[in-house]
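Quick note on our numbering: the sequence shown kicks off at 125 and runs consecutively. Even glycine gets a Cβ: it sits at the ideal position worked out from N, Cα and C. See structure below.
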Amino acid sequence: MTHHDLAGTSTPVRPATFPDGPDALLLNPAVSRSRWRGERVRAALHPITVLAGLIGVAQVTVAALSESVLTTVFLLSAGIVAVCASVVVGWYDAATMITEHDHARGRPCRLDRVRGQFFFRGRDFTDLGTAGEAARTLIAGVDELHRSPARTWIDPAIPREAHRVVWKTLCYLDRTRAARDLTNELASDPDPAVGELATSAREVVHAIDDALKDALRHVRGCLELTRAWEAKLRHNNLAARTEGILARLPSHTELRQLSAAAEALPQTVFAYITAARDITGAGEFPWEQRPSPRSRLRRMLSWRARNLFTSKRPATDARGGRPET
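Rendered as structure tokens:
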């Protein structure tokens, strides 16, 4: 098993904005990179953007031919602003071509005109009930599979194949719209012969739904495997980090040596201090002096007086607080 370097790859699932809100879209795997580049160039060269750039170039040209200083400065400034603005707008349109679809109602871009030509979005299948929910789960599964750290440990063709399988499943599901509508229409017809047609159409739709469920189950199986390997990788990473951090900590022997060295410090200092005391004749320290007989007698008398006072104090009644009789 080899560890693949996939630093230059990306997920085919992109977050995007639409008139009805944000949504996730799955790119068509059949659209080549050269076609995407062509679409970006087309988006950058929008007629309005190109017209603004041409107007800016014309203004710069007129400014170069003008003899009036004021006119030259005005037209040159306006032309430069127009050209720069058109370049920035064109670059932005090309960069956000896939993710920005919040266009005016009734004016979709080229990518939005035909559903499934360039991408499918999650809400494309909302009207299909449980099948639509499965479609959104498949799109999320493709995204997770491409983003998984376990992807670097598997064949790079596997995520691409999962993308292709899910896309084909969504295409088949999208084709069932007319069949579902026809099934509902035939089911409401009282003619028995028409009912047989409805049954046949319903069986075909159910077969496609079963294929969708199979694809969903297999994609989930792939995700379970990658998640298990991610957990293994995470555990190994944590174990390596823990081992490295603990290896930099002092050992028990070093701690015992540190404790012994710290314990010897006050003994050494005491030896030097007492030696200095003896040399200088500074006298004993307070903790070395014995209590005098007078102080011992004072403490003994105080202790006896307290005991005598305690023994002669009358006991009080616990209920009334008065001395007992």
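Nearest-angstrom beta carbon gap, residue j and residue i [assumed within contact, 8 Å]
{"i": "LEU357", "j": "PRO273", "result": "6 Å"}
{"i": "VAL318", "j": "LEU310", "result": "5 Å"}
{"i": "ALA339", "j": "THR293", "result": "5 Å"}
{"i": "GLY240", "j": "VAL343", "result": "The Cβ separation is near 19 Å, so there is no contact."}
{"i": "THR213", "j": "THR173", "result": "According to the sequence shown, residue 213 is Val rather than Thr. VAL213 to THR173, Cβ: 5 Å. Contact."}
{"i": "PRO136", "j": "HIS287", "result": "5 Å"}
{"i": "VAL211", "j": "VAL181", "result": "So it is not a contact: roughly 11 Å between Cβ atoms."}
{"i": "LEU336", "j": "ALA258", "result": "6 Å"}
{"i": "ASP147", "j": "ARG247", "result": "5 Å"}
{"i": "LEU269", "j": "CYS346", "result": "6 Å"}
{"i": "GLY328", "j": "ALA303", "result": "Going by the sequence as given, residue 328 is Val instead of Gly. Indeed they touch by this definition, with Cβ atoms about 6 Å apart."}
Bridge partner(s) assigned by DSSP for residue i
{"i": "PHE244", "result": "LEU150"}
Three-state secondary structure assigned by DSSP to residue i
{"i": "GLU224", "result": "strand"}
{"i": "GLY249", "result": "What sits at residue 249 in the sequence shown is Phe, not Gly. Correct three-state label for PHE249: helix."}
{"i": "VAL186", "result": "helix"}
{"i": "PHE198", "result": "helix"}
{"i": "ASP129", "result": "Note on ASP129: pLDDT 43, under 50, position unreliable in the model; no value is reported."}
{"i": "THR449", "result": "Legend: pLDDT at THR449 = 43, less than 50; position of this residue unreliable, value from coordinates given subsequently. Residue state, collapsed to three classes: coil."}
{"i": "SER345", "result": "It should be pointed out that residue 345 corresponds to Gly in this sequence rather than to Ser. Note: GLY345 maps to helix in three-state DSSP."}
{"i": "SER192", "result": "coil"}
{"i": "GLU408", "result": "coil"}
{"i": "VAL181", "result": "helix"}
{"i": "PRO390", "result": "helix"}
{"i": "SER375", "result": "coil"}
{"i": "CYS233", "result": "coil"}
{"i": "SER312", "result": "coil"}
{"i": "VAL238", "result": "coil"}
{"i": "GLU354", "result": "helix"}
{"i": "ASP441", "result": "Reliability of the predicted coordinates at ASP441 is poor, the pLDDT of 48 falling under 50, and no value is obtained from them."}
Contact set for residue i: own chain, Cβ-Cβ below 6 Å, skip 5 residues either direction
{"i": "LEU149", "result": "ARG138, ALA140, PHE243, ARG245"}
{"i": "ALA167", "result": "ASP217, ALA218, MET221"}
{"i": "ILE332", "result": "TYR296, THR300"}
{"i": "THR196", "result": "ALA187, SER190"}
Contacts around residue i, its chain only, beta-carbon distance under 8 Å, and the 5 residues preceding and following it disregarded
{"i": "PRO143", "result": "HIS225, ASP226, HIS227, ARG229"}
{"i": "LEU379", "result": "none"}
{"i": "LEU194", "result": "none"}
{"i": "GLU348", "result": "none"}
{"i": "GLY162", "result": "none"}
{"i": "SER134", "result": "HIS270"}
{"i": "VAL205", "result": "GLY180"}
{"i": "PRO374", "result": "LEU382"}
{"i": "PRO171", "result": "none"}
{"i": "ALA442", "result": "Any reading at ALA442 must be qualified, since the residue scores a pLDDT of 43, below 50, and its modelled position is unreliable; the value itself is stated next. The answer is none, since no qualifying residue turns up."}
{"i": "THR366", "result": "none"}
Contact set for residue i: own chain, Cβ-Cβ below 7 Å, skip 5 residues either direction
{"i": "ALA202", "result": "GLN183"}
{"i": "LEU200", "result": "VAL184, ALA187"}
{"i": "TRP291", "result": "LEU150, ASN152, PRO153"}
{"i": "TRP353", "result": "ALA274, TRP277"}
{"i": "VAL155", "result": "PHE242"}
{"i": "CYS295", "result": "GLY240"}
{"i": "ARG164", "result": "ALA218, MET221"}
{"i": "GLY256", "result": "PHE249, THR250"}
{"i": "ALA384", "result": "none"}
{"i": "LEU321", "result": "LEU310"}
Residue i beta carbon near the ligand MG (any heavy atom closer than 7 Å)
{"i": "ALA182", "result": "The ligand MG is not among the ligands present in this structure, which contains no ligands whatsoever."}
Runs of alpha helix (DSSP H) lying entirely within the region 252 to 287, each at least 4 residues, in chain order: 254 to 271
Alpha helix (DSSP H) segments (min. 4 residues) lying fully within the region 131 to 173: Complete alpha helix (DSSP H) runs here, min 4: 157 to 168.
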